[in-house]
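Report on the structure given below.
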Amino acid sequence: MTFASTKGSTSADGRDCWHEVEAESIEISDSTCYTCPPHSRAQLIPSDMSKQKANQSCKLKQSEPKAPDTLGSKGETPVSTISDLCSTIFAVNFDNKQRALLGCIADKRYRHHMYHVRSIADDLKSHSQSLEDLIATSSTFPQPPLQCKYIFSRRDRLILAVNLACSVLQFHGNWLRKYWRARDIMFMKGIFDPSDHPYVVCDIAGEPSMDNQHSSPLIRSEVLFPLGLILVELSLCRNLESLRTPEDADPLETVANLKTAARYLPVVEMESGLRYGQVVKWCLFGADAVDSSLEDEIMQETVFENVVARLVENLWDFSGPQLRQVKLTG
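So the sequence shown is numbered by full-length UniProt numbering: it starts at 1 and just counts up by one.
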């Protein structure tokens with residue numbers, strides 16, 4: 001995960017400094033045989049799924065020692081508990097040559113040790129672009145003259161759809177704000193495939209967002225509604241704003257987006273398949289059983305079966321047997 005602060009920057013002009021932080025999670029519950037969260041970064045799942053490593057999941061066995069509930073062990077200095085990660089980062093001076101332990105964030109089942117990896121003095125905004133920009137400036141077919149446009153292929157868009165669906169399960173309620181949009185999903189410029197390695201920017205102190213708007217009874221699930229909109233945009237490789245007509249107008253932007261997306265559902269099914277279209281419909285209209293929280297395991301399973309699994313199957317149908325051999329992990 002990457003944070004911005006005004007302290008710790010080595011640049012002479014005092015620009016905001018970005019910090020890369022990694023989390024290592026250890027199970028602390030009394031039960032055994034649970035799957036530990038992998039050594040992870042708060043970025044979206046890489047679309048190059050062949051690079052997933054076997055050590056991304058580890059299981060505790062009865063014979064393995066469990067981590068104690070205390071924050072210190074074996075006579076070591078106890079790890080301090082982090083109450084506010086941003087404030088902790090702001091208060092520490094870092095040595096970029098060493099990976100530094102910031103402290104610990106604990107929940108009922110896991111203790112997450114947070115490590116500072118490096119500081120980045122450059123302004124990331126000048127080196128990145130949003131999914132909204134990528135869709136607006138890319139082409140879906142290599143027809144000349146390209147004018148250096150990125151070819152956003154259907155396969156890449158289907159892979160990104162799977163990644164974003166998995167990310168809802170991981171980051172809803174924290175890194176993904178309530179009404180996240182394509183402009184919140186970022187990519188690095190200047191690489192061969194900008195759709196690789198998407199990441200999220202959470203601007204806590206930025207401008208007021210759509211999150212402050214009143215909701216509408218037309219929005220059946222605030223958890224999956226933003227995903228449904230982006231799935232439409234990925235299918236058509238068009239931003240909803242560019243497809244809007246006067247009949248879509250509404251005081252609430254969320255409702256206006258819903259009207260636009262609903263009009264294009266038949267086109268989505270033609271472009272990306274019936275299974276993909278079913279996922280979009282479920283996110284926009286049929287997921288009223290999914291409340292504002294995904295912490296319930298039954299709710300997570302429901303979302304996985306109705307969204308993630310169907311998108312993966314749709315991707316497999318499109319890509320053929322070669323991709324079927326790739327094990328998807330999230």
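Virtual Cβ for every residue (Gly too), placed ideally from N, Cα, C.
For residue i, which residues from the same chain have a beta carbon less than 8 Å from its beta carbon, with the 5 sequence-adjacent residues on both sides left out?
| i | result |
| --- | --- |
| A261 | G228, L229, V232, L240, V280 and L284 |
| T140 | I151, F152, S153, R154 and C237 |
| S138 | K149, Y150, I151, F152 and C237 |
Cβ of residue i within 8 Å of Cβ of residue j?
| i | j | result |
| --- | --- | --- |
| S167 | L176 | yes |
| V200 | I219 | no |
| Y110 | I26 | yes |
| V308 | V162 | yes |
| L131 | A165 | no |
| D317 | G273 | yes |
| H112 | A100 | no |
Out of curiosity, what's the CA-to-CA distance linking residue i and residue j?
| i | j | result |
| --- | --- | --- |
| C104 | F171 | 19 Å |
| S319 | Y276 | 14 Å |
| S80 | A106 | 11 Å |
| N93 | K108 | 31 Å |
| A136 | P78 | 50 Å |
| P246 | E271 | 24 Å |
| I82 | E301 | 30 Å |
| I28 | Q98 | 27 Å |
Of all the options the options, which has the alpha carbon lying nearest to the alpha carbon of residue i?
| i | options | result |
| --- | --- | --- |
| E297 | L315, V312 and L169 | L169 |
| V303 | N93, D250, L224 and K108 | L224 |
| T88 | V21, P266 and E305 | V21 |
| H197 | S126, D156, P266 and Y115 | D156 |
| S126 | F187, L85 and E295 | F187 |
| P226 | Y179, V92, N174 and A136 | Y179 |
| L85 | D133, A23 and I28 | A23 |
| M315 | I135, L158 and S221 | First, the residue type needs correcting, since residue 315 is Leu and not Met in the sequence shown. It is L158. |
| N174 | Q129, K259, E295 and E301 | E295 |
| S221 | D248, P246, M270 and M299 | M299 |
| L134 | L234, S83, L102 and I82 | L234 |
Which residues in the same chain as residue i place their Cβ atom closer than 7 Å to its Cβ, once the five residues preceding and following it in sequence are excluded?
| i | result |
| --- | --- |
| Q278 | R310 |
| N257 | L229 and L240 |
| S216 | L252, T254 and V255 |
| Y264 | V232, L236 and L243 |
| S128 | M186, F187, M188 and K189 |
| A249 | A256 |
To which residues of the same chain is residue i closer than 6 Å at the C-beta, ignoring the five residues directly before and after it?
| i | result |
| --- | --- |
| W282 | N306 |
| I120 | W18 |
| L102 | T88, M114 and H116 |
| K259 | D248 |
| P266 | none |
List in chain order: all unbroken beta strand (DSSP E) runs of 3+ residues lying wholly within the region 247-324.
Listed in chain order, there is nothing to give.
Could you tell me which uninterrupted beta strand (DSSP E) segments, each at least 3 residues in length, are contained entirely in the region 126-171, listed from first to last along the chain?
Qualifying beta strand (DSSP E) stretches, in chain order: 128-130.
Whole alpha helix (DSSP H) runs in the region 221-250 with 4 or more residues, listed along the chain?
Counting only runs of 4 or more, we get 225-236 and 240-243.
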